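K.L.:
Dropping the structure in here first, questions after.
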C-alpha cells in the first residue's frame, strides 16, 4: 500500500506499510484454513497471517486484506488460489537427521524386527516431508541397512500439502550448512558438492532421489492409497492441529499402518489419552498391536 502525500507534506517515502486485517476477515480466513487444511489459526496468529499474506496481495495487485478475502470467496476463487494459500499458511522447518535417536532406533530395532517378520519389500511413508530432508535421511539410513542385508527391499513415499515445498524436495539442493549433521561417510556416498565454488551447495545423488515417490496430500482428505505402510514418520506436523483433529488423523494413520508396523511422531507431540491400537516402544515411537 502506497501512502500519498497529504497537504501537510507527509514524507513521500512512507511506502510498503502492512495493511491491517479486520477481525471479521481474520475469522473468515481462520475458519477456511481450519476446515480445508486442519491448521488451527487462533487470534494470536492474526499478525503472522497479515505479514505472510503481503506477498500474495502484491502479486494480485491488491492493497487490502478485505479485497483478498473477497477474491478468495468469489466463485472459483478458492480453487484458483488454493496452492498459493497453502504455501502462505504452512510452516516448513526441518533438518537432516532431526531427532537422531529415531534413526538409531530404526537401524537397531525397527528394521531388523520388520525384516524378520516380512519377506516382502517394506513400505515407508514420510508424512509431511517438507523440503525433503526427512525422506532423504531415511533413504541414507535404509541404504546403509541394505549393505548388510542384501535381500532387504523397500519403497518410500513422501507427501506434503505444499506443491512449492515439494518442488524443492524433488530438486534436492541444500546449503552446505544444512548437511553438517550428516555423517561424513554418508556425505561422501549420497551428496554431491556444487561445481561452482562460489555456491556452497550440495545435491542428493540421483540414485537416492529416484528412491523417493513424492506426492501432494492434504491430511484432511481421504488418503488416496489403499496399501498399508510398515513405517510412518509424521513428526512435528500435528502440532499445528487442534486435539480433535490430531486424534482423527492418528486414527487414519493407524488404519493405514500394517499390524506390527511403527509410527514415529515428533518429540513435541503426544497421543496420551487417545484410544489407538498401538503400544509405546520408545519416546514418541509406537507399534501397532
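In our numbering, the protein residues as written are 737 to 1025. Think of the CB as a built atom: it goes at the ideal place given N, C-alpha and C, for glycine as much as any other residue. No experiment lies behind these values; they were computed from the predicted model shown.
1) Buried or exposed: residue 944, going by 16 or more other Cβ atoms within 10 Å of its Cβ?
2) Nearest to residue 955 by CA position, among 997, 936, 907, 977, is which residue?
3) Out of curiosity, what's the CA-to-CA distance linking residue 896 and residue 777?
4) Compute the Euclidean distance between the alpha carbons of residue 757 and residue 923, then round it to the nearest angstrom.
5) Do residue 968 and residue 863 have their C-beta atoms closer together than 8 Å?
6) My parser needs the beta strand (DSSP E) runs of 3 or more residues fully inside the stretch 847–906; what are they?
7) Mind listing, in chain order, the continuous beta strand (DSSP E) runs of no fewer than 3 residues lying wholly within the stretch 758–816?
8) Can you tell me which of the three DSSP states residue 908 falls into?
9) From residue 1021 to residue 931, what distance separates their C-alpha atoms?
10) Helix, strand or coil: which one does DSSP assign to residue 974?
11) What residue from 812, 824, 918 has the CA that sits closest to residue 789's CA?
12) Give me, in chain order, the residues of the same chain whose beta-carbon lies closer than 6 Å to that of residue 1004; leave out the 5 immediate sequence neighbours on both sides.
13) Look up residue 966 in the DSSP assignment and say whether it is helix, strand or coil.
14) Closest to residue 913 by C-alpha separation, out of 933, 1014, 937, 901, would be which residue?
15) Please report the residue range of the alpha helix (DSSP H) in which residue 1021 lies.
16) Based on the DSSP output, what are the partners of residue 1016 in its beta bridges?
17) Tell me the residue span of the beta strand (DSSP E) that contains residue 1031.
18) Applying the 10 Å Cβ sphere with the 16-neighbour rule, what's the burial state of residue 960?
19) State the Cα-Cα distance for the pair residue 910 and residue 920, rounded to the nearest angstrom.
20) Would residue 890 pass as a contact of residue 841 if the rule is Cβ separation under 8 Å?
21) Taking the straight line between their C-alpha atoms, what separation do you get for residue 1025 and residue 844?
P.N.:
So, from the listed chains and residues:
1) Classification of residue 944: buried, given that the 10 Å Cβ count is 16 or more.
2) Of the candidates 997, 936, 907, 977, 977 places its Cα closest to the Cα of residue 955.
3) When rounded, the distance between both Cα atoms is 19 Å.
4) If I take the Cα positions, the gap works out to 46 Å.
5) The Cβ-Cβ distance between residue 968 and residue 863 falls below 8 Å.
6) Complete beta strand (DSSP E) runs here, min 3: 858–863, 890–896.
7) Qualifying beta strand (DSSP E) stretches: none in this window.
8) Coil, per DSSP.
9) Within the model, the alpha-carbon separation for residue 1021 versus residue 931 is close to 40 Å.
10) Helix at residue 974.
11) For the options 812, 824, 918, the alpha carbon positioned closest to that of residue 789 is the one of 824.
12) For residue 1004, where only same-chain residues beyond five positions count, the Cβ hits under 6 Å are 975.
13) It is a strand residue.
14) Nearest of 933, 1014, 937, 901 to residue 913, Cα basis: 937.
15) Where residue 1021 is concerned, there is no enclosing alpha helix (DSSP H), although the beta strand (DSSP E) around it starts and stops at 1021–1024.
16) Note: residue 1016 sits in a beta bridge opposite 1022.
17) Only positions 737 to 1025 of the chain appear in the structure, and residue 1031 is not among them; the question remains open.
18) Its Cβ having fewer than 16 others within 10 Å, residue 960 is exposed.
19) Each residue's Cα considered, the two are about 16 Å apart.
20) Taking a C-beta distance under 8 Å as the contact criterion, residue 890 and residue 841 do not qualify as a contact pair.
21) Whole-angstrom Cα-Cα distance: 20 Å.
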